[in-house]
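Asks: FYI, the numbering for the sequence shown is 1 to 384, going by the working numbering.
The C-beta atom is built at its ideal place from N, Cα and C for all residues, glycine as well.
Encoded as structure tokens, here's the structure I'll be asking about.
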Amino acid sequence: MRVYALEPTGAFESGSDITSRPRATYRVDKVADITRPFDNRYSGGGFQYFSCGGNRGRSLLLDRLCQCGRTAGSTSRDGRGIVMIARRGDFIVFIVTAFGLAWVLGVGPWLDGQGLRSHWLRTGAGLMMLTPTLGVLAVAGSRRISLSELVSQVGLRLGDKPARVLWSIIGAWLGMIALVWGAFGLAAAFGLFEFDFSYYNAGWMAALLVADLTTAILVNIPLTLGEEIGWRGWLMPQLVNRFGIFAGVITTGVIWALWHAPLTLLGYNYPELGAWAVVAFIGFCVTVGCILGWLRLWSGSVWPSAVAHAASNATMGSISVFAASGRQPHSLLSAGGVTGWVLFAIVAATLFAIFPVRTAGHRDRPAGGHALRDAAGVSRNYRL
1 MRVYALEPTG
11 AFESGSDITS
21 RPRATYRVDK
31 VADITRPFDN
41 RYSGGGFQYF
51 SCGGNRGRSL
61 LLDRLCQCGR
71 TAGSTSRDGR
81 GIVMIARRGD
91 FIVFIVTAFG
101 LAWVLGVGPW
111 LDGQGLRSHW
121 LRTGAGLMML
131 TPTLGVLAVA
141 GSRRISLSEL
151 VSQVGLRLGD
161 KPARVLWSII
171 GAWLGMIALV
181 WGAFGLAAAF
191 GLFEFDFSYY
201 NAGWMAALLV
211 ADLTTAILVN
221 IPLTLGEEIG
231 WRGWLMPQLV
241 NRFGIFAGVI
251 TTGVIWALWH
261 APLTLLGYNY
271 PELGAWAVVA
281 FIGFCVTVGC
291 ILGWLRLWSG
301 SVWPSAVAHA
311 ASNATMGSIS
321 VFAASGRQPH
331 SLLSAGGVTG
341 WVLFAIVAAT
351 LFAIFPVRTA
361 GHRDRPAGGH
371 ALRDAAGVSR
381 NYRL
């Protein structure tokens, strides 16, 4: 079979995407022979390779490129799905669904006037964690992407490197526990957090730590997965493809923080700040989000991010039991504040430096493919 590699002679129009005809003209650059017709795959980390089956010998190569995007949910012979490139409207559908439902579910503490003391807080917060996934489902429904194809696209499968995914899950599980304890230990060393173990014997503390390592995280995973499918499973890869790794990961963290607004406007996590907790929580979500983002990009799966998110929530809940009641410094300075942000940022920077992730055109480039750059400057490989 003959493969036509195309290069653009004009840039994509701003806001255009692979699902509609690009505002650019193309020329045939070269012809190559391949043995596997129209292979396609997604290997994580912002890597997107698009190809499509169809009739041989068609003269309108650009039409085939557009048809490939239009059938973005179809799968190749090896069962791996083509990754959906989000349109501008897809982002709107996702944000409106995830944020709108979050506000509906988080309105209880506002209605009963109890704020952070409301009995609706825990229930509403738990249900809120499912709304990012509902946002992805809304986008998939509007794009006619089947559930099985969506499962692959948001990283719920183990992909081509299951061993890497499994090791990433183990590292996320144990590493996040150690990191959160380290953040509180560092805060305590600087006098910014105070532990109180006087009420607990060694056996009870050991039992709590075992629960922290096992059941507490397992119970949290279904809820954190509800968030991560939306944030790191779908949104972050789309932003990375448009704006690059740094901007995509940071922007996802900011959006993730603002999504918590129904709770943080009440002072959630930073009660001394009141509504300003909305701003403070951006620092936490961006720095922790960089770690979760690296896990998603490095492993190609959303599971390590979901596990790390669950480990963070469970460990912080466990440590709060040992907090000295009424004797804590300002929460903005403790492990969930500046002290934690610095530590999380250092860990994230170290991970990206030692184990770098790259966008398409660097790793796993398909034979016969040419790198094209869209208006955002993100290199992608298209094979026709």
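Closer than 8 Å is the cut-off here; do at least three beta carbon pairs connect the segment 303–315 with the segment 202–220?
Replies: yes
Asks: Between Asp63 and the rest of its own chain, which residues show a CB-CB distance below 8 Å, the 5 nearest in sequence each way excluded?
Replies: As a first step, residue 63 must be located in the sequence shown, where it is residue number 63. With a pLDDT of 32 at Asp63, under the threshold of 50, the modelled position of this residue cannot be trusted; read the value that follows with caution. Excluding residues within five positions, none has a Cβ falling inside 8 Å.
Asks: Would you mind sorting Asp112 into buried or exposed? The rule is 16 or more other CB atoms within 10 Å of its CB.
Replies: Along the sequence shown, read from residue 1 onward, the residue named residue 112 stands at position 112. With fewer than 16 Cβ atoms within 10 Å of its Cβ, Asp112 is classed as exposed.
Asks: State the CB to CB distance for the pair Leu134 and Leu101, rounded to an integer number of angstroms; the pair is presumed to be in contact (CB under 8 Å).
Replies: Your numbering for residue 134 matches position 134 in the sequence shown. Your numbering for residue 101 matches position 101 in the sequence shown. Correct: roughly 6 Å between the Cβ atoms.
Asks: What three-state label does DSSP hand Ala323 in the structure shown?
Replies: For this step, residue 323 is matched to residue 323 along the sequence shown. Strand.
Asks: Over what stretch of residues does the alpha helix (DSSP H) that includes Pro329 continue unbroken?
Replies: As a first step, residue 329 must be located in the sequence shown, where it is residue number 329. Taken as a continuous stretch (DSSP letters only), Pro329 belongs to no alpha helix (DSSP H), as it is neither H nor E.
Asks: Please report the straight-line C-alpha distance between Phe247 and Gly293, rounded to a whole angstrom.
Replies: Indexing the sequence shown from 1 puts residue 247 at position 247. Indexing the sequence shown from 1 puts residue 293 at position 293. Reading off the sequence, residue 247 comes out as Ala, not Phe. Answer to the nearest angstrom: the Cα atoms are 11 Å apart.
Asks: Quick one: measure Cβ to Cβ for Trp204 and Thr287, integer angstroms, because I've assumed they're closer than 8 Å.
Replies: Here residue 204 is taken as the residue at index 204 of the sequence shown, counted from 1. Here residue 287 is taken as the residue at index 287 of the sequence shown, counted from 1. About 32 Å; that fails the 8 Å criterion.
Asks: Considering only DSSP beta bridges, list what Phe195 is partnered with.
Replies: Indexing the sequence shown from 1 puts residue 195 at position 195. Ala323, per the DSSP bridge assignment.
Asks: Could you give the distance in angstroms between the alpha-carbon of Trp120 and the alpha-carbon of Met129?
Replies: Within the sequence shown, the letter at position 120 stands for residue 120. Within the sequence shown, the letter at position 129 stands for residue 129. Going from the Cα of Trp120 to the Cα of Met129 covers about 14 Å.
Asks: Short check: CB of Glu272 to CB of Ser320, under 9 Å?
Replies: On the sequence shown, residue 272 is found 272 positions in, with the first residue counted as 1. On the sequence shown, residue 320 is found 320 positions in, with the first residue counted as 1. Result no, Cβ atoms of Glu272 and Ser320 do not sit closer than 9 Å.
Asks: Would you kindly report the start and end of the unbroken alpha helix (DSSP H) that includes Ser168?
Replies: The sequence position of residue 168 within the sequence shown is 168, counting from 1. Note, Ser168: alpha helix (DSSP H), Pro162 to Ala189.
Asks: When you compare only the Cα positions, how much space is there between Gln114 and Gly126?
Replies: The count along the sequence shown starts at 1 and reaches residue 114 at position 114. The count along the sequence shown starts at 1 and reaches residue 126 at position 126. Our two residues, Gln114 and Gly126, have alpha carbons roughly 18 Å apart in a direct line.
Asks: Pick out whichever of Arg232, Ser318, Leu147 and Ala311 has its Cα sitting closest to the Cα of Gly171.
Replies: As a working mapping, residue 171 is identified with position 171 in the sequence shown. Closest by alpha carbon: Ala311.
Asks: Which residues in the same chain have their Cβ closer than 7 Å to the Cβ of Leu266, if we skip the five residues on either side of it in sequence?
Replies: Numbered from 1 along the sequence shown, position 266 holds the residue referred to as residue 266. Excluding sequence neighbours, Leu266 sits near Pro109, Gly115 and Leu116.
Asks: Could you tell me the distance, in whole angstroms, from the CA atom of Ala98 to the CA atom of Leu192?
Replies: Within the sequence shown, numbered from 1, the residue matching residue 98 stands at position 98. Within the sequence shown, numbered from 1, the residue matching residue 192 stands at position 192. Cα to Cα, the separation comes out at about 35 Å.
Asks: Residues in its own chain within less than 7 Å of Trp173 by CB, not counting five upstream and five downstream?
Replies: Reading the sequence shown from its first residue, position 173 is the one you call residue 173. Here the set comprises Ile217, Val307 and Ala311.
Asks: Could you check what DSSP says for Gly226 in three-state terms: helix, strand or coil?
Replies: In the sequence shown, the residue the question calls residue 226 occupies position 226. DSSP places Gly226 in helix when its eight states are reduced to three.
Asks: Is Trp256 buried or exposed, if buried means 16 or more other CB atoms sit within 10 Å of its CB?
Replies: Position 256 of the sequence shown holds residue 256. By the neighbour-count rule (16 or more Cβ atoms within 10 Å), Trp256 is buried.
Asks: Given this structure, state the Cα-to-Cα distance separating Met316 from Val180, to the nearest angstrom.
Replies: Along the sequence shown, read from residue 1 onward, the residue named residue 316 stands at position 316. Along the sequence shown, read from residue 1 onward, the residue named residue 180 stands at position 180. Distance between the alpha carbons of Met316 and Val180: 7 Å.
Asks: Please name the residue in Phe284, Val347 and Leu225 whose C-alpha comes closest to that of Trp303.
Replies: By one-based count along the sequence shown, residue 303 stands at place 303. Looking at the Cα atoms, Leu225 is the closest of the given residues.
Asks: Is the beta carbon of Val249 sitting closer than 9 Å to the one on Gly289?
Replies: Residue numbering aside, residue 249 sits at position 249 when the sequence shown is read from its first letter. Residue numbering aside, residue 289 sits at position 289 when the sequence shown is read from its first letter. Against a cut-off of 9 Å, the Cβ pair of Gly289 and Val249 comes out as a contact.
Asks: First and last residue of the alpha helix (DSSP H) that includes Phe94?
Replies: Counting from one through the sequence shown, the residue named residue 94 turns up at place 94. Arg88 to Leu105 is the extent of the alpha helix (DSSP H) around Phe94.
Asks: Measure the alpha-carbon distance for Ile444 versus Leu333 and round it to whole angstroms.
Replies: One cannot answer for residue 444 here, as it falls past the ends of the chain, which runs 1 to 384.
Asks: Is DSSP giving Phe355 helix, strand or coil here?
Replies: Working through the sequence shown from its first residue, we reach residue 355 at position 355. Note: Phe355 maps to coil in three-state DSSP.
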